[in-house]
Amino acid sequence: MPREVLEPAPGSAAGESNADAAGGRGALYQVIRQEILAGNPPPGGALQEVALSNRHGVSRAPVRDALLRLEAEGLVERGPRGAVVRVRTPEEIYDIYQVRIALEAEAVESAIRHATELDFARLTLVHENAVAEADHDRARQLHRRWHRVLAAASRNDTICEVLERLTSQLATYETQSLAETGNLSHSHDEHLQIIDAMRARDVAAARDLITRHLQRTRDVRVKALLHVEDESEAASAD
Numbered sequence: 001m002p003r004e005v006l007e008p009a010p011g012s013a014a015g016e017s018n019a020d021a022a023g024g025r026g027a028l029y030q031v032i033r034q035e036i037l038a039g040n041p042p043p044g045g046a047l048q049e050v051a052l053s054n055r056h057g058v059s060r061a062p063v064r065d066a067l068l069r070l071e072a073e074g075l076v077e078r079g080p081r082g083a084v085v086r087v088r089t090p091e092e093i094y095d096i097y098q099v100r101i102a103l104e105a106e107a108v109e110s111a112i113r114h115a116t117e118l119d120f121a122r123l124t125l126v127h128e129n130a131v132a133e134a135d136h137d138r139a140r141q142l143h144r145r146w147h148r149v150l151a152a153a154s155r156n157d158t159i160c161e162v163l164e165r166l167t168s169q170l171a172t173y174e175t176q177s178l179a180e181t182g183n184l185s186h187s188h189d190e191h192l193q194i195i196d197a198m199r200a201r202d203v204a205a206a207r208d209l210i211t212r213h214l215q216r217t218r219d220v221r222v223k224a225l226l227h228v229e230d231e232s233e234a235a236s237a238d
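The opening position of the sequence shown corresponds to residue 1 in the working numbering, with each subsequent residue numbered one higher.
Next up, the structure:
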């Protein structure tokens, strides 16, 4: 995003007006959102208005607006000491996955009815790029993008919007789950199987594959959270 959108000096009315006119508040929201999705800061990490204002070269007002939007999106929560990246319990992660699984199964079925050769070309390209990507963080981004491309092929805007929200709420925990040995590679294999089933117009197989794919990643992610929870409780007991 253009850096100049975020450049006005803190407290500058003229600068703030220019930023607003250029979509600065929306740009700032996207920047902070992407930082959170990348795990910076991690769940529970502080989001201090002053620090964010200084880092991005804006006043506190657009920072506050961005944090309010992110709170409504389920990525930020307010605590006694201010805003932090929202912490999810294993139960919450499980519940989010249950809804995501149901919606992605519907998205796959709808995509089989509506997907064009261009949609399949996009799915295949993102899959191949993810497999070839050596950088772990970039591979995770491509993994998420593959699921967005799949949802878009459904031609159902409501499914796309809800899935984007759910996927974002899960993204901050990807570092733990996708870092599991072989998990990312396993996901790539499953993506290819889903593409093949969709190309064959096999609705039952495609729904089953996407369901099992997400159930597996859900279980890996919940297991990682339970492990962290157990370590935290053990440390508190010492």
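Every residue gets a Cβ at the ideal spot worked out from N, C-alpha and C, and that includes glycine.
Fair warning: this is a prediction, and the values are worked out from it, not measured in the lab.
Output needed for residue i: all residues of its chain with C-beta closer than 6 angstroms, excluding positions within five of it in sequence on either side, in chain order.
i           : result
residue 153 : 111, 115, 119
residue 83  : 47, 67, 76
residue 123 : 149, 195
residue 163 : 103, 151
residue 156 : 110
Using the Cα positions of residue i and residue j, report the straight-line distance between them to the nearest angstrom.
i           : j           : result
residue 75  : residue 222 : 18 angstroms
residue 143 : residue 80  : 35 angstroms
residue 60  : residue 85  : 18 angstroms
residue 240 : residue 205 : No answer is possible for residue 240: the residues shown for the chain start at 1 and end at 238.
residue 69  : residue 208 : 35 angstroms
residue 151 : residue 91  : 25 angstroms
residue 239 : residue 225 : Outside the modelled stretch of the chain, which goes from 1 to 238, sits residue 239, for which no answer is possible.
residue 230 : residue 220 : 15 angstroms
residue 215 : residue 158 : 22 angstroms
residue 160 : residue 185 : 25 angstroms
residue 202 : residue 28  : 43 angstroms
residue 25  : residue 234 : 43 angstroms
residue 132 : residue 189 : 13 angstroms
residue 2   : residue 121 : Any reading at residue 2 is ruled out, since the residue's pLDDT is 37, under 50, leaving its predicted position unreliable.
residue 134 : residue 200 : 30 angstroms
residue 227 : residue 193 : 30 angstroms
residue 54  : residue 236 : 35 angstroms
residue 232 : residue 78  : 22 angstroms
residue 210 : residue 40  : 29 angstroms
residue 113 : residue 125 : 21 angstroms
residue 62  : residue 106 : 37 angstroms
residue 71  : residue 117 : 38 angstroms
residue 34  : residue 56  : 14 angstroms
Within a Cβ cutoff of 8 angstroms, which residues of the same chain sit near residue i, ignoring the five residues on either side of it in sequence?
i           : result
residue 64  : 49
residue 96  : 88, 166, 169, 170
residue 38  : 137
residue 187 : 143, 178, 213, 217
residue 45  : 84, 85
Could you say which of the options lies nearest to residue i if we only look at CA atoms?
i           : options          : result
residue 130 : 229, 146, 121    : 146
residue 42  : 69, 132, 28, 171 : 171
residue 218 : 98, 56, 73, 51   : 98
residue 73  : 30, 134, 156     : 30
According to DSSP, what are the bridge partners of residue i?
i          : result
residue 77 : 84
residue 46 : 84
Assuming residue i contacts residue j (C-beta within less than 8 angstroms), just tell me the rounded distance between them.
i           : j           : result
residue 191 : residue 136 : Going by Cβ atoms, the distance from residue 191 to residue 136 rounds to 17 angstroms, so no, they are not a contact pair.
residue 140 : residue 174 : 5 angstroms
residue 198 : residue 58  : With 8 angstroms as the limit, residue 198 and residue 58 do not qualify as a contact, their Cβ atoms being about 44 angstroms apart.
residue 36  : residue 52  : That belief does not hold up - the Cβ atoms of residue 36 and residue 52 are roughly 11 angstroms apart, past 8 angstroms.
Between which residues of its own chain and residue i is the CB-CB distance below 7 angstroms, once the five residues before and five after are set aside?
i          : result
residue 94 : 218, 222
residue 4  : Note that residue 4 scores 33 on pLDDT, short of 50, meaning its location in the model is unreliable; the coordinates nonetheless yield the value given after this. Answer for residue 4: no residue qualifies.
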